[in-house]
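Enquirer: Numbering-wise (our numbering), the sequence shown opens with residue 46 and increments by one.
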Amino acid sequence: MSDRFSFSVHATDGRARTGAIRTPRGEIRTPAFMPVGTAATVKAMLPESVRATGADILLGNTYHLMLRPGAERIARLGGLHRFMNWDRPILTDSGGFQVMSLAGLRRLTEEGVTFSSHIDGSKHHLSPETSMEIQRLLGSDIVMAFDECPALPASEEEVAQSMRMSMRWAQRSRDAFGDRPGHALFGIMQGGVTRALREESAEALKAIGFEGYAIGGLAVGEGQEAMFGVLDYAPGFLPADKPRYLMGVGKPDDIVGAVLRGVDMMDCVLPSRSGRTGQAWTRRGQVNIKNARHADDPRPLDESCTCPACTGYSRAYLHHVFRAGEMISGMLLTWHNLHYFQELMAGLRDAISRGELAGFVAQFEAMRAQGDIEPLSNAG
Numbered sequence: 046m047s048d049r050f051s052f053s054v055h056a057t058d059g060r061a062r063t064g065a066i067r068t069p070r071g072e073i074r075t076p077a078f079m080p081v082g083t084a085a086t087v088k089a090m091l092p093e094s095v096r097a098t099g100a101d102i103l104l105g106n107t108y109h110l111m112l113r114p115g116a117e118r119i120a121r122l123g124g125l126h127r128f129m130n131w132d133r134p135i136l137t138d139s140g141g142f143q144v145m146s147l148a149g150l151r152r153l154t155e156e157g158v159t160f161s162s163h164i165d166g167s168k169h170h171l172s173p174e175t176s177m178e179i180q181r182l183l184g185s186d187i188v189m190a191f192d193e194c195p196a197l198p199a200s201e202e203e204v205a206q207s208m209r210m211s212m213r214w215a216q217r218s219r220d221a222f223g224d225r226p227g228h229a230l231f232g233i234m235q236g237g238v239t240r241a242l243r244e245e246s247a248e249a250l251k252a253i254g255f256e257g258y259a260i261g262g263l264a265v266g267e268g269q270e271a272m273f274g275v276l277d278y279a280p281g282f283l284p285a286d287k288p289r290y291l292m293g294v295g296k297p298d299d300i301v302g303a304v305l306r307g308v309d310m311m312d313c314v315l316p317s318r319s320g321r322t323g324q325a326w327t328r329r330g331q332v333n334i335k336n337a338r339h340a341d342d343p344r345p346l347d348e349s350c351t352c353p354a355c356t357g358y359s360r361a362y363l364h365h366v367f368r369a370g371e372m373i374s375g376m377l378l379t380w381h382n383l384h385y386f387q388e389l390m391a392g393l394r395d396a397i398s399r400g401e402l403a404g405f406v407a408q409f410e411a412m413r414a415q416g417d418i419e420p421l422s423n424a425g
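#1: If you draw a straight line from the alpha carbon of K168 to that of D138, how long is it in whole angstroms?
#2: Using 8 Å as the threshold, is the C-beta distance between V238 and A264 below it?
#3: Thinking just about the alpha-carbon of each residue, which of S176, R225 and M79 is nearest to the one in G115?
#4: Return the Cβ separation of F231 and Y290 in integer angstroms, given the expectation that the two are a contact with Cβ distance under 8 Å.
#5: Specify, as a first and last residue, the run of the beta strand (DSSP E) that N130 falls within.
#6: Which whole-angstrom value describes the C-beta separation of V81 and L112, a residue pair presumed to lie in contact below a C-beta threshold of 8 Å?
#7: Starting from the Cα of M90, find the closest Cα among L393, P173 and H384 and give me that residue.
#8: To which residues of the same chain is T356 closer than 8 Å at the C-beta, ignoring the five residues directly before and after it?
#9: Straight-line CA distance for A369 to L305?
#10: Taking the alpha helix (DSSP H) that Q216 belongs to, which residues open and close that run?
#11: Can you name, in chain order, every residue of its own chain whose Cβ lies under 7 Å from the Cβ of Q180, other than the five neighbours on each side?
#12: By Cβ distance below 6 Å, which residues in the same chain neighbour D312 in space, the five residues on each side in sequence not counted?
#13: For K287, is the classification buried or exposed, using 16 other Cβ atoms within 10 angstroms of its Cβ as the cut-off for buried?
#14: Tell me the residue span of the beta strand (DSSP E) that contains I454.
#15: State the Cα-Cα distance for the pair F386 and P297, rounded to the nearest angstrom.
#16: Where do the ends of the alpha helix (DSSP H) carrying Y358 lie?
#17: Who are the near neighbours of C194 in its chain, counting only those whose CB is closer than 7 Å to its CB and skipping five residues on each side?
#18: Sort out for me which residues DSSP pairs F231 with in a bridge.
#19: Look at the Cβ atom of T327, then the Cβ atom of D347, and state whether they are nearer than 8 Å.
#20: Leaving out five residues before and five after G71 in sequence, what residues of the same chain have Cβ atoms less than 7 Å from its Cβ?
#21: I need the DSSP call for I164, collapsed to helix, strand or coil.
#22: Got a sec, what are the start and stop residues for the alpha helix (DSSP H) S374 sits in?
#23: Keeping to the same chain, check which residues put their C-beta closer than 7 Å to that of V204; ignore five residues upstream and five downstream.
#24: Leaving out five residues on either side along the sequence, give the residues of the same chain with a beta carbon under 8 Å from the beta carbon of S317.
#25: Please report how far the alpha carbon of E248 lies from the alpha carbon of A396, in whole angstroms.
#26: With H, G and I counted as helix, E and B as strand and the rest as coil, what does DSSP make of D347?
#27: What does a CB cutoff of less than 6 Å around A259 pick up in its chain, not counting 5 residues either side in sequence?
#28: How close, in whole Å, do the beta carbons of A65 and G307 come, if the pair is a contact with beta carbons under 8 Å?
#29: In whole angstroms, what is the alpha-carbon distance linking T159 and S374?
#30: Using a Cβ-Cβ cut-off of 6 Å (strictly less than) and excluding sequence neighbours within five positions of D342, which residues of its own chain qualify?
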């Protein structure tokens, strides 16, 4: 494996691409879905179980890890990979998105953001420079530039001012990141749903130069139609020879739509969060295991799925352990959801490589349109 970071496109189908990101810690097959390990863990999963679903890379959260247990402590203990027992690539976000969600607890200036911890109220400061230092201490393979992301809806002037400050912060992030062979820094495009602002942001990022480029400021309340409207043009503003990462997306149909529009990487808490709340994602759409119709159903969630939840347990059992508040409920449903998301990514990669993406997407949509299997007549 190379000691450098690189990206190559192996095949295209329309605007969709499949390829590989190479890092010293391993290869990331693209399009890639990154499970979110917010606090150095994908909730309810062992790292080897996450790997078994097909994940090549995890996402860690700078904001949460800096507050608890602290980046310095993680560094003393050998870095994030050793700390959480994951020896493959890790991407860390910059902390900017979490700080955005703390609007009532923060003070924003050109220098950075001062905010109060949601845990104990202690005061902290994040700037492009401190974000780069925290991510260096964590030892992540892919580091995200520090940015500010306004919640939508917002006025075009507010979005423009925020984007331009994020571009100044992107330059500061690049300067502070320095020369770190084998590690990559990604810039983040902002600009809301305004094409001219997105293009201005992309030009600023390309002038600075990054190893990869993210599309930020989407999946923050604008709706799928508006998000796809931006993705119809935004990936094309970014260099074709670098990975394109859509942050915080999403549901299976969001993922398919993003891949169709040229996105290479995505992340979302949805598979794990849904698993803990009794929601399963299947080829036929969403299943709410809480519903009484499953109480006497001996069938699996998805008879074609090879995950442990589907090969070893019935809907009736999954319904029972969720209702009983047993930990195994979140474990099994999270494993299933992550397995399904990774199976979807593998299917997309294969279809792109064979030039058969349109057929794959048509089958994906037809299966979802069927809805869940019919209840058994003796089920509740």
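For glycine and all other residues, C-beta sits at the position ideal for the given N, C-alpha and C.
Since this is a predicted model, take the numbers as computed values, not measurements.
Expert: Quick look at the numbers:
#1: If I take the Cα positions, the gap works out to 20 Å.
#2: By the CB criterion at 8 Å, V238 and A264 fall outside the cutoff.
#3: Measuring from the Cα of G115, the nearest candidate turns out to be S176.
#4: Contact holds; Cβ gap of about 6 Å.
#5: Segment: none, N130 is in no beta strand (DSSP E) and carries neither H nor E.
#6: With a beta-carbon spacing of about 17 Å, V81 and L112 fall beyond the 8 Å limit used to define contacts.
#7: Per the Cα distances, H384.
#8: In its chain, beyond the 5 residues on either side, P345 and C350 have a beta carbon closer than 8 Å to the beta carbon of T356.
#9: Going by C-alpha positions, A369 is about 41 Å away from L305.
#10: Secondary structure note for Q216: its alpha helix (DSSP H) is the uninterrupted segment E201 to F222.
#11: Listed in chain order, the non-local C-beta contacts of Q180 below 7 Å within the same chain comprise T107, T137 and V188, local neighbours out to five positions each way being set aside.
#12: Excluding five sequence positions before and after D312, the CB atoms of its chain that fall closer than 6 Å to its own CB belong to M79, V81 and L104, given in chain order.
#13: Label assigned to K287: buried.
#14: Here the chain covers residues 46 to 425 and nothing more, so residue 454 does not appear.
#15: Cα atoms of F386 and P297: separation of roughly 7 Å, rounded to the nearest angstrom.
#16: For Y358, there is no enclosing alpha helix (DSSP H), as DSSP marks it with neither H nor E.
#17: If we look at C194 and ignore the five residues flanking it on each side, its Cβ neighbours are G141, F142, M145, Q235, G261, G262 and V265.
#18: F231 is bridged by DSSP to M189 and G257.
#19: Their beta carbons are under 8 Å apart, which means T327 touches D347 by this criterion.
#20: Cβ neighbours of G71 beyond the five flanking positions: M46, D101, R133 and P134.
#21: Annotated three-state conformation of I164 is coil, per DSSP.
#22: Taken as a continuous stretch (DSSP letters only), the alpha helix (DSSP H) holding S374 covers M372 to R399.
#23: Excluding sequence neighbours, V204 sits near P195, G236, G237, T239 and L242.
#24: Result list for S317: P80, V81, V87, K88, A89, M90, T379, N382 and L383, in chain order.
#25: Their backbone Cα atoms lie some 32 Å apart in a straight line.
#26: In the displayed model, D347 falls within coil according to three-state DSSP, outside both helix and strand.
#27: Result list for A259: F231, I233, Y290 and M292, in chain order.
#28: Taking the Cβ atoms as the reference, A65 lies roughly 16 Å from G307, outside the contact range of under 8 Å.
#29: Going by the C-alpha atoms only, they are around 39 Å apart.
#30: Cβ neighbours of D342 beyond the five flanking positions: R360, A361, L421 and A424.
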